[in-house]
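Residue numbers (this note's numbering), protein chains in the order written: chain A, 15 to 188; chain B, 453 to 669.
What follows is the structure, encoded as structure tokens:
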């Protein structure tokens with residue numbers, strides 16, 4: 015019959031590791047053998063277990079009710095684009111949906127406004143009329159560029175009379 | 453630090469709290485708040501028993517979360533998230549204790565409520581709803597256990613808390629505290645031997661007979 019001996023420091027460590035499920039296989043087998051044969055080892059194991067279970071009576075203080083709020087407020091200082099009020103509002107899913115809907119609406123209105131402005135300045139013509147108009151504009155370009163001058167002239171004869179470089183100089187560069 | 457036989461990446465990604473932290477890293481709205489709510493009570497409880505003061509425990513817990521937030525972009529999941537979190541908590545707690553040259557903690561009385569809410573013993577009483585005599589007995593027992601815990605040094609106390617209430621194994625505790633597994637084994641052995649000696653009169657309070665340790669014939 016094996017002698018029931020005091021446990022050495024190393025043996026106590028191994029016993030505790032065994033109780034904690036941390037002993038390797040060989041150590042565990044040795045401990046189990048001693049537990050089955052030695053009352054002192056069994057008593058020690060039981061005392062350690064019961065001491066451990068007493069810790070369940072230790073109060074576990076919870077964080078205060080405002081802890082999360084205060085922590086998030088401190089964190090919000092680290093987020094330069096947001097402040098506490100905006101952080102709180104953006105956290106709300108309803109606010110986020112509303113903000114997304116507003117963004118879509120604003121974008122749509124802006125797009126409509128730009129499109130409307132462009133179409134007002136450029137009336138849309140049928141394709142064949144557009145080509146004819148362009149041809150006329152090219153042909154009458156000089157006339158259009160000098161329209162203000164021509165409005166001051168009553169008839170073509172007077173206009174030709176004005177074309178006298180020896181009297182009025184050459185304004186072809188004008 | 454990976455557990456033996458496992459790579460750290462896949463192991464860490466199996467941890468739902470690691471995945472939550474990765475959402476914090478990506479600034480997913482609400483993720484950080486979820487993390488705070490998930491860990492606030494555990495963190496405050498552990499820190500309370502290490503530093504011995506409820507308000508300081510909350511200040512330290514807030515600081516832990518701030519550091520987590522600041523470090524989020526550099527976070528790499530190499531272990532369980534709780535291991536990383538409590539590593540930060542351990543560093544802050546030990547720094548705090550060193551900076552104020554902590555004296556032995558006055559045993560917690562549970563009789564005064566502060567601005568942070570009811571003290572733990574009051575919560576214990578409120579939660580259990582038992583007859584006054586039994587409540588008093590439990591309060592006294594809680595005070596005795598608290599005193600026994602105060603008899604440990606800070607490292608022993610933290611190792612016990614992490615082992616008991618965070619269910620951490622020796623390797624994880626070692627990672628949190630910057631010690632080898634062997635050192636943690638030795639640390640816990642001394643801590644629990646001290647607790648056993650301090651609580652010896654109470655471990656058979658339930659009326660079960662004390663085991664006999666006479667030699668077998």
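Backbone N, C-alpha and C fix where the C-beta goes; we use that ideal spot for every residue, glycine too.
The model shown is predicted, which means the values in this text are computed figures rather than measured ones.
If one requires a minimum length of 4 residues, the alpha helix (DSSP H) runs lying completely within the stretch 20–84 of chain A are 23–33, 39–51 and 53–68, in chain order.
Runs of the alpha helix (DSSP H) spanning 4 or more residues and lying entirely within the stretch 491–550 of chain B occur at 506–522, in chain order. For residue 606 of chain B, the enclosing alpha helix (DSSP H) has its first and last residue at 606–617.
When the beta-carbon positions are compared, residue 518 of chain B and residue 89 of chain A come within less than 8 Å of each other. Around the C-beta of residue 510 of chain B, 16 or more other C-beta atoms lie within 10 Å, and the residue is accordingly described as buried. The closest CA to that of residue 599 of chain B, considering only A:120, A:72, A:171 and A:55, is found on A:72. Taking the Cα positions, residue 526 of chain B is about 22 Å away from residue 489 of chain B.
Residue 630 of chain B: not part of any alpha helix (DSSP H); DSSP gives it neither H nor E. The DSSP-derived three-state label of residue 620 of chain B is coil. Interface with chain A (8 Å Cβ-Cβ cutoff): residue 534 of chain B is excluded. Within chain A, the C-beta atoms nearer than 7 Å to that of residue 647 of chain B come from 65, in chain order.
Interface flag for residue 116 of chain A against chain B is unset, since no Cβ pair is found closer than 8 Å. The DSSP-derived three-state label of residue 602 of chain B is helix. Residues of chain B with a Cβ closer than 8 Å to the Cβ of residue 71 of chain A are, in chain order, 590, 593, 594 and 597. For residue 480 of chain B, there is no enclosing alpha helix (DSSP H), as DSSP marks it with neither H nor E. Only exposed fits residue 634 of chain B, as fewer than 16 other CB atoms lie within 10 angstroms of its CB. Contact of residue 614 of chain B with chain A is not assigned, every C-beta pair being separated by 8 Å or more. At a Cβ-Cβ threshold of 8 Å, residue 591 of chain B and residue 534 of chain B do not count as neighbours.
Contacts with chain A at 8 Å (Cβ-Cβ) do not include residue 525 of chain B.
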